[in-house]
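> Shown below is the structure under consideration.
2 protein chains.
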Amino acid sequence: MQSNSSSDPLHLLLRKLQGRARLEQEDLAAISALPYTLKTLEPQSYTAREGEAPEVCAVLVSGFAYRQKLAGDGGRQIVAIHIPGEALDLQNLFLEVSDHNVQTLTRAELAIIPRAAWQALVRTRPAVAHAVMMEILAEASIFREWVLNVGRRDASTRLAHLLCEFAVRLEAQGLANGDGFELPMTQEQLGDSLGLTPVHVNRTIKALEGLGFVERDRRRIRFPDWERMRDFGDFTQRYLHIRAGA
Amino acid sequence: MQSNSSSDPLHLLLRKLQGRARLEQEDLAAISALPYTLKTLEPQSYTAREGEAPEVCAVLVSGFAYRQKLAGDGGRQIVAIHIPGEALDLQNLFLEVSDHNVQTLTRAELAIIPRAAWQALVRTRPAVAHAVMMEILAEASIFREWVLNVGRRDASTRLAHLLCEFAVRLEAQGLANGDGFELPMTQEQLGDSLGLTPVHVNRTIKALEGLGFVERDRRRIRFPDWERMRDFGDFTQRYLHIRAGA
DNA sequence: AACATCTCTTAACCTAGATCATTGTGCAGC
DNA sequence: GCTGCACAATGATCTAGGTTAAGAGATGTT
């Protein structure tokens, strides 16, 4: 149906799931054969809304997205950030009503896959089901780390940790070359991810710069010394459950 | 193998999974037939440790437990609290290395079930697999809400929210009668769940009392007016994904 | 080129919650 | 009926981060 080359929109999804479980040729072919329609969305477009029944299951082909919940007083908390190759609605694949909102962070291309196709796939290919399960569990692990990050780390450690996580995930997906990356978020969005005000995010990121942990050019981020940065950010990648081989 | 009466240690697990998916007689029988050994643990016993490979999958028969992660500076964050009938290691059923610690909160009885038995069960009974998947996704949803709670709500709302969640979950499991419940945590543990100091938990809970949202007797908690409490705590139970019928 | 709109930056000030220290209280063990 | 100990309660003080406000760059638009 679609080619399996790296220009295949589902290429990054394949890569990601291969990192989660050993998949046979047939498994890979079955994933590649998922029917989809490509769609380009502007920044801040919603792909799922709290309270609504999720209808589709989208995979992020390019661009970035995030999950978000609102508090009663209007406060917004970003609970996850997604990079290309990640499925945006595994959480919603089985649940009947969405408990949070999903929005694009940048302009983004989505491969829209019918829920039924996903469900049939995991029913017929146990190895794919296993990989999907692993992916869901790894996401849950990231949520736990975020609870810790927001609950128990001070602002600068917290921000450093987030930057480390983002860098490592990008690199695991082959989207960063080790020499910095583009951070696709405003300082306000960073604040909403960290439980901080945009003002304090600004102060904090400048402090990280001042200490030499981070170099910035516009939204491009570089870590002059990864080891020091990682230690400062209290970051260990175990919770990402990225397989050594991947 | 074991009886299916309410004295069956797995009774509450059955109840929980039935709330997650429609299960046939055979499914229920297969769950009841899971081989297990009962074990009683003292408070603060570990059932899983970060960095170790989870070997068993335990179900909480009686008593309470929690999941916990440590920050580099020694800070502890409780990321989940478990009540009887909940499986403690679904998160670890497939992942190879645990990313957090699981400890009993009170003296607790566990049904220790071999991982292999669980895995065989979900492989052979799709409806059970579905229920387990729902349970995992519902837990992930609770993690997201906790990120919001810790990141964006002030101390009193945050504590009120936690108390509401606990009350609703107990009631859904048939463990509270609507007239209060025993909170099995010290104020220090509450603080570790909320990202607060024990001192401030004390002040905050007294404030909730003063405002008439909460009545306390030792560790017993009662809400004189549930609707007001719920509103004050910015609590909506959607994220718990408890089925209306259950 | 001028304008509008987002972001980012910075400064002054304030408050929620942390920290530190002490006292009170229930309960288990002897 | 003491003694010890974990937990709870409070007061005094401090600080990380919030709030408010105002300018400075960017970037895009007509």
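As given, the protein sequences belong to chains A and B, one line each in that order. The first sequence runs contiguously to residue 246 in my numbering. The second sequence runs contiguously to residue 492 in my numbering. Each residue gets a CB set at the ideal place from its N, CA and C atoms; glycine is no exception.
1) For A30 (chain A), does the three-state DSSP call read helix, strand or coil?
2) For W392 (chain B), go through chain A and note every residue whose CB falls closer than 7 Å to its CB, in chain order.
3) Mind listing, in chain order, the continuous beta strand (DSSP E) runs of no fewer than 3 residues lying wholly within the region 276-361 of chain B?
4) Please state the DSSP three-state secondary structure of A246 (chain A).
5) Could you pull out every unbroken beta strand (DSSP E) segment of at least 3 residues lying fully inside the region 375-415 of chain B, listed in chain order?
6) Let me make sure I understand the geometry here. Which of A:E209, A:R219, A:R238 has the alpha-carbon closest to that of D225 (chain A)?
7) Alpha carbons only, please: which of B:I329, B:R466, B:E296 is nearest the one belonging to S344 (chain B)?
8) Taking E455 (chain B) as part of the beta strand (DSSP E), name the residues at either end of that continuous run.
9) Heavy atom of the ligand PLP less than 7 Å from the Cβ of T350 (chain B), yes or no?
10) Using beta carbons (cut-off 8 Å, strictly below), is Y312 (chain B) in contact with chain A?
11) Buried or exposed for P84 (chain A), please, with buried defined as at least 16 other CB atoms from any protein chain shown within 10 angstroms of its CB.
12) Please report the Cβ distance between R15 (chain A) and V56 (chain A), rounded to the nearest whole angstrom; I am assuming they are in contact, meaning their Cβ atoms lie under 8 Å.
13) Output the distance between the C-alpha atoms of I78 (chain A) and D480 (chain B), rounded to the nearest integer angstrom.
14) Which residues in the same chain have their Cβ closer than 6 Å to the Cβ of N149 (chain A), if we skip the five residues on either side of it in sequence?
15) Quick one: what's got a C-beta closer than 8 Å to R462 (chain B)'s C-beta in the same chain, skipping five residues either side?
16) Between which two residues does the beta strand (DSSP E) harbouring D225 (chain A) extend?
17) Within its chain, find whatever has a CB closer than 6 Å to the CB of T37 (chain A); leave out the 5 residues flanking it on each side and keep chain order.
18) Under 8 Å, do F310 (chain B) and A354 (chain B) count as touching if we go by C-beta distance?
19) Should Q103 (chain A) be flagged as near chain B, meaning a C-beta pair shorter than 8 Å?
20) Cβ of V168 (chain A) within 8 Å of Cβ of Q187 (chain A)?
21) For chain B, is any of its Cβ atoms less than 8 Å away from the one on D179 (chain A)?
22) Using 8 Å as the Cβ pair cut-off and three pairs as the minimum, do the region 18-33 of chain A and the region 121-134 of chain A touch?
23) Using a Cβ cut-off of 8 Å (strictly closer), state whether Q91 (chain A) contacts chain B.
24) Give me the DSSP bridge partner(s) of E428 (chain B).
25) To the nearest angstrom, how far is it from the Cα of V122 (chain A) to the Cα of C164 (chain A)?
26) What does D273 (chain B) reach in chain A if we use C-beta pairs closer than 9 Å?
27) Which partner residues of E215 (chain A) appear in the DSSP bridge assignment?
28) Whose Cβ in chain A lies nearer than 8 Å to the Cβ of E385 (chain B)?
29) Can the beta-carbon of I388 (chain B) be found closer than 8 Å to that of L486 (chain B)?
30) What number of angstroms, rounded off, separates the C-alpha of L12 (chain A) from the C-alpha of D89 (chain A)?
31) With H, G and I counted as helix, E and B as strand and the rest as coil, what does DSSP make of D192 (chain A)?
32) Using the beta-carbon of each residue, which ones in chain A are nearer than 7 Å to R474 (chain B)?
33) From P126 (chain A) to V199 (chain A), what does the alpha carbon distance come to, in whole angstroms?
34) State the Cα-Cα distance for the pair N423 (chain B) and L416 (chain B), rounded to the nearest angstrom.
35) Determine, for F469 (chain B), whether the minimum Cβ-Cβ distance to residues of chain A falls below 8 Å.
Based on what the coordinates show:
1) In the first sequence, residue 30 (chain A) corresponds to position 30, counting from 1. Three-state DSSP puts A30 (chain A) in a helix.
2) On the second sequence, position 146 is the one that residue 392 (chain B) refers to. Using a Cβ-Cβ cut-off of 7 Å, W392 (chain B) is close to V147 of chain A, given in chain order.
3) Counting only runs of 3+ residues, the beta strand (DSSP E) found wholly inside the region 276-361 of chain B occupies 283-287, 292-294, 302-308, 311-316, 322-328, 347-350, 354-360, in chain order.
4) Counted from its first residue, the first sequence places residue 246 (chain A) at position 246. Any answer about A246 (chain A) is weak, because its pLDDT of 49 lies below 50 and its placement is not dependable; what the coordinates show is given next. Three-state result, A246 (chain A): coil.
5) Segments of the beta strand (DSSP E) lying fully in the region 375-415 of chain B: there are none.
6) Start at 1 with the first residue of the first sequence, and residue 225 (chain A) comes out as number 225. Distances from the CA of D225 (chain A) to each of A:E209, A:R219, A:R238 were compared; the closest alpha carbon is that of A:E209.
7) Mapped onto the second sequence, residue 344 (chain B) falls at position 98. Its Cα nearest to that of S344 (chain B), the residue B:E296 stands out among B:I329, B:R466, B:E296.
8) In the second sequence, the residue the question calls residue 455 (chain B) occupies position 209. Per DSSP, E455 (chain B) belongs to no beta strand (DSSP E); it is in the alpha helix (DSSP H), 444-456.
9) Among the ligands in the structure shown, none appear at all, so the ligand PLP cannot be discussed.
10) Sequence index remark: in the second sequence, residue 312 (chain B) carries index 66 (1-based). Not closer than 8 Å to any Cβ of chain A, the Cβ of Y312 (chain B) fails to qualify, so no.
11) Your numbering for residue 84 (chain A) matches position 84 in the first sequence. Around the beta carbon of P84 (chain A), 16 or more other beta carbons lie within 10 angstroms, which makes this residue buried.
12) Against the first sequence, residue 15 (chain A) aligns to sequence position 15. Against the first sequence, residue 56 (chain A) aligns to sequence position 56. About 22 Å separates the two Cβ atoms, so there is no contact after all.
13) Translated into the one-based positions of the first sequence, residue 78 (chain A) becomes position 78. Translated into the one-based positions of the second sequence, residue 480 (chain B) becomes position 234. C-alpha of I78 (chain A) to C-alpha of D480 (chain B): approximately 17 Å in a straight line.
14) As a first step, residue 149 (chain A) is located in the first sequence; it is residue number 149 there, counting from the start. The beta carbon of N149 (chain A) is closer than 6 Å to those of R158, H161 in its chain, skipping five residues each way along the sequence.
15) Here residue 462 (chain B) refers to the residue found at position 216 when the second sequence is read from its first residue. Closer than 8 Å at Cβ, skipping near neighbours: I451, E455, R468.
16) To locate residue 225 (chain A), count along the first sequence from 1; it is residue 225. Where D225 (chain A) is concerned, there is no enclosing beta strand (DSSP E), given that its DSSP letter is neither H nor E.
17) Numbered from its first residue, the first sequence carries residue 37 (chain A) at position 37. Closer than 6 Å at Cβ, skipping near neighbours: I112.
18) Working through the second sequence from its first residue, we reach residue 310 (chain B) at position 64. Working through the second sequence from its first residue, we reach residue 354 (chain B) at position 108. Taking 8 Å as the Cβ cut-off, F310 (chain B) and A354 (chain B) qualify as a contacting pair.
19) Locating residue 103 (chain A) in the first sequence gives position 103, where the first residue counts as 1. Contact with chain B is absent for Q103 (chain A), since none of that chain's Cβ atoms lies less than 8 Å from the residue's Cβ.
20) Sequence index remark: in the first sequence, residue 168 (chain A) carries index 168 (1-based). Sequence index remark: in the first sequence, residue 187 (chain A) carries index 187 (1-based). Contact: no.
21) For this step, residue 179 (chain A) is matched to residue 179 along the first sequence. So no, D179 (chain A) is outside the interface.
22) The region 18-33 of chain A vs the region 121-134 of chain A: in contact.
23) Here residue 91 (chain A) corresponds to residue number 91 of the first sequence, with the count starting at 1. Yes, its Cβ sits closer than 8 Å to a Cβ of chain B.
24) Here residue 428 (chain B) corresponds to residue number 182 of the second sequence, with the count starting at 1. Under DSSP, E428 (chain B) takes part in a beta bridge, and its partners are B:R466.
25) Walking along the first sequence from the start, residue 122 (chain A) turns up at place 122. Walking along the first sequence from the start, residue 164 (chain A) turns up at place 164. Using only the alpha carbons, I get a separation of about 32 Å.
26) Within the second sequence, residue 273 (chain B) is the residue found at index 27, counting from 1. Here the premise fails: no neighbours, minimum Cβ distance about 16 Å.
27) Position 215 of the first sequence, counted from the first residue, corresponds to residue 215 (chain A). Answer is A:R222.
28) The sequence position of residue 385 (chain B) within the second sequence is 139, counting from 1. Here the neighbours are A140.
29) Counting from 1 along the second sequence, the entry for residue 388 (chain B) is found at position 142. Counting from 1 along the second sequence, the entry for residue 486 (chain B) is found at position 240. Yes, they are a contact pair.
30) Residue numbering aside, residue 12 (chain A) sits at position 12 when the first sequence is read from its first letter. Residue numbering aside, residue 89 (chain A) sits at position 89 when the first sequence is read from its first letter. A straight-line Cα-Cα distance of about 16 Å links L12 (chain A) and D89 (chain A).
31) Indexing the first sequence from 1 puts residue 192 (chain A) at position 192. DSSP, read as helix, strand or coil, puts D192 (chain A) in helix.
32) In the second sequence, residue 474 (chain B) corresponds to position 228, counting from 1. Within chain A, no residue comes near R474 (chain B); the closest Cβ sits about 14 Å away, beyond 7 Å.
33) Numbered from its first residue, the first sequence carries residue 126 (chain A) at position 126. Numbered from its first residue, the first sequence carries residue 199 (chain A) at position 199. The straight-line gap separating the alpha-carbon atoms of P126 (chain A) and V199 (chain A) is approximately 48 Å.
34) Stepping through the second sequence from its first residue, residue 423 (chain B) is reached at position 177. Stepping through the second sequence from its first residue, residue 416 (chain B) is reached at position 170. Whole-angstrom Cα-Cα distance: 9 Å.
35) Along the second sequence, read from residue 1 onward, the residue named residue 469 (chain B) stands at position 223. False, the Cβ-Cβ gap to chain A never drops below 8 Å.
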